[in-house]
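Numbering (UniProt numbering), first residue to last: 1 to 402.
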């Protein structure tokens, strides 16, 4: 976050005080932060409090009339790399969704054309109200990302959805959002190869060795890249998913077939996203006929390694090519991902903890930690696989710009 410029909006909520510690975290991470308080926020916290604990420029409605030159709210809006509302009240969400600008904060928000993020916090009934959900949907359509709320203890004394997300989660998403700034790459000039699904290694003509990958993550990456205008080839191993519109699909079955397809199509591509779950072993000698149970009290099968497609491709890539790996882990997740990143000479890797039932195999949601060879680490929240794919591509394309 070093050198990034953030406008931190604080609205009226019992969670308003939490913005003070978030301000400290942002400044400690190297960001330059300016704070904007709504009139209702000042019933919970004050300008002086923010300035005392973490010196920063702090604005409120009085600043409509204090500007000595220029138009203060427009200048502030144009200054920011990221606008983040912590906490975001139901009132602020409703007004922002419909372009209402009746105070300094909302006017500045409306004039902001850069990245935007909200961290809602409110009573569960207010959060679940159809009007609030419609307003949130409107903001998402305006490219405003939401962090939370989460289920937890509310001011009313019971646990329910509506509690503000914790500071670590907020910082993680802010870091991911800031990766989006200053991207120069023209997506229409990018050619991607994405792999998805699970390879199968035959034991006999009927049985095979495989894994539980559904292919949903790889299909989400292909769809997200195509939506941005990239040319996408999706190499799909044994999936039943519908192909994303505009994406070329190459079906394969075995690891050997996948390796051949990757080598062929990556030769003319810029980025490989290896989301397929490849079988690490295969039978040395598959049976040519069905293995009969009654003929064997025990069955010993000799397994041998399959080719490490990812490492082979990464070692031979051109300077204008990037290779992204995926790793599904169950323990010591980050350390395992770092080892794979280094040992296989990858540019970046996405690691997910499949022991988490919310993001396990065949789930429509995911959470990954993205590591790059340059040292960047970004952890996404638990969200749809398409949203995770979008964040992964944002990190990847930034590597082209760097």
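Each residue gets a CB set at the ideal place from its N, CA and C atoms; glycine is no exception.
{"Query": "Opening and closing residue of the beta strand (DSSP E) in which residue 417 lies", "Result": "There is simply no residue 417 to check, as the chain begins at 1 and stops at 402 in what is shown."}
{"Query": "Where residue 390 falls, given that 16 or more other Cβ within 10 Å makes a residue buried", "Result": "buried"}
{"Query": "Whole-angstrom distance between residue 173 and residue 259, CA atom to CA atom", "Result": "35 Å"}
{"Query": "Nearest-angstrom Cβ-Cβ length linking residue 39 and residue 87, presumed shorter than 8 Å", "Result": "No, residue 39 and residue 87 are not in contact; Cβ-Cβ is about 15 Å, not under 8 Å."}
{"Query": "The segment 189-207 in contact with the segment 252-266 per 3-pair CB rule at 8 Å", "Result": "yes"}
{"Query": "Closest by C-alpha distance to residue 304, when choosing among 294, 280, 323", "Result": "280"}
{"Query": "Residue 144 vs residue 177 beta-carbon contact at 8 Å", "Result": "no"}
{"Query": "Delimiting residues of the beta strand (DSSP E) encompassing residue 190", "Result": "Looking at the DSSP string, residue 190 is not in any beta strand (DSSP E), and its letter there is neither H nor E."}
{"Query": "Inter-stretch contact at 8 Å, needing at least 3 Cβ pairs: the segment 96-110 / the segment 5-17", "Result": "yes"}
{"Query": "Test item: CB-CB of residue 37 and residue 14 under 8 Å", "Result": "no"}
{"Query": "Alpha-carbon spacing of residue 150 relative to residue 392, whole angstroms", "Result": "23 Å"}
{"Query": "Residue 266, DSSP secondary structure in three states", "Result": "helix"}
{"Query": "Buried or exposed (CB count within 10 angstroms, at least 16 for buried), residue 363", "Result": "buried"}
{"Query": "Residue interval of the beta strand (DSSP E) (run including residue 358)", "Result": "Counting along the chain, residue 358 falls outside any beta strand (DSSP E), and DSSP gives it neither H nor E."}
{"Query": "Three-way DSSP call (helix, strand, coil) for residue 2 in this model", "Result": "coil"}
{"Query": "Spatial distance of residue 146 from residue 140 (CA atoms)", "Result": "8 Å"}
{"Query": "Contacts around residue 70, its chain only, beta-carbon distance under 6 Å, and the 5 residues preceding and following it disregarded", "Result": "Unreliable placement is indicated for residue 70, whose pLDDT of 44 sits below 50; the coordinate value is still reported in the next sentence. Correct list: empty, nothing qualifies."}
{"Query": "Per-residue DSSP class, three states only, for residue 201", "Result": "strand"}
{"Query": "Three-state class that DSSP yields for residue 403 in the structure shown", "Result": "Past the edges of the chain, shown from 1 to 402, lies residue 403, and the structure says nothing about it."}
{"Query": "Inter-residue Cα distance where the pair is residue 213 and residue 130", "Result": "36 Å"}
{"Query": "Rounded C-alpha distance that separates residue 122 from residue 171", "Result": "20 Å"}
{"Query": "N-terminal and C-terminal residue of the alpha helix (DSSP H) that residue 132 is part of", "Result": "130-141"}
{"Query": "Residue closest to residue 236, alpha-carbon to alpha-carbon, out of 135, 220, 155", "Result": "220"}
{"Query": "Assumed close pair residue 229, residue 282 - CB separation to whole angstroms, cut-off 8 Å", "Result": "Residue 229 to residue 282, Cβ: 38 Å. No contact."}
{"Query": "Distance, residue 277 Cα to residue 290 Cα", "Result": "26 Å"}
{"Query": "C-alpha distance - residue 53 paired with residue 16, whole-angstrom precision", "Result": "15 Å"}
{"Query": "Residue 387 versus residue 397: straight-line alpha-carbon distance, rounded", "Result": "16 Å"}
{"Query": "Three-way DSSP call (helix, strand, coil) for residue 154 in this model", "Result": "coil"}
{"Query": "Span of the alpha helix (DSSP H) around residue 47", "Result": "47-53"}
{"Query": "C-beta atoms of residue 374 and residue 345 nearer than 8 Å", "Result": "no"}
{"Query": "Burial state of residue 320 (16 or more Cβ within 10 Å)", "Result": "exposed"}
{"Query": "Residues near residue 381 in its chain [Cβ-Cβ closer than 7 Å; skip 5 each side]", "Result": "147, 169, 173, 367"}
{"Query": "CB of residue 275 within 8 Å of CB of residue 239, strictly", "Result": "no"}
{"Query": "Nearest to residue 347 (by Cα), restricted to the options 377, 332, 331, 353", "Result": "377"}
{"Query": "Residue closest to residue 209, alpha-carbon to alpha-carbon, out of 225, 336, 285", "Result": "285"}
{"Query": "Straight-line Cα distance separating residue 211 from residue 306", "Result": "14 Å"}
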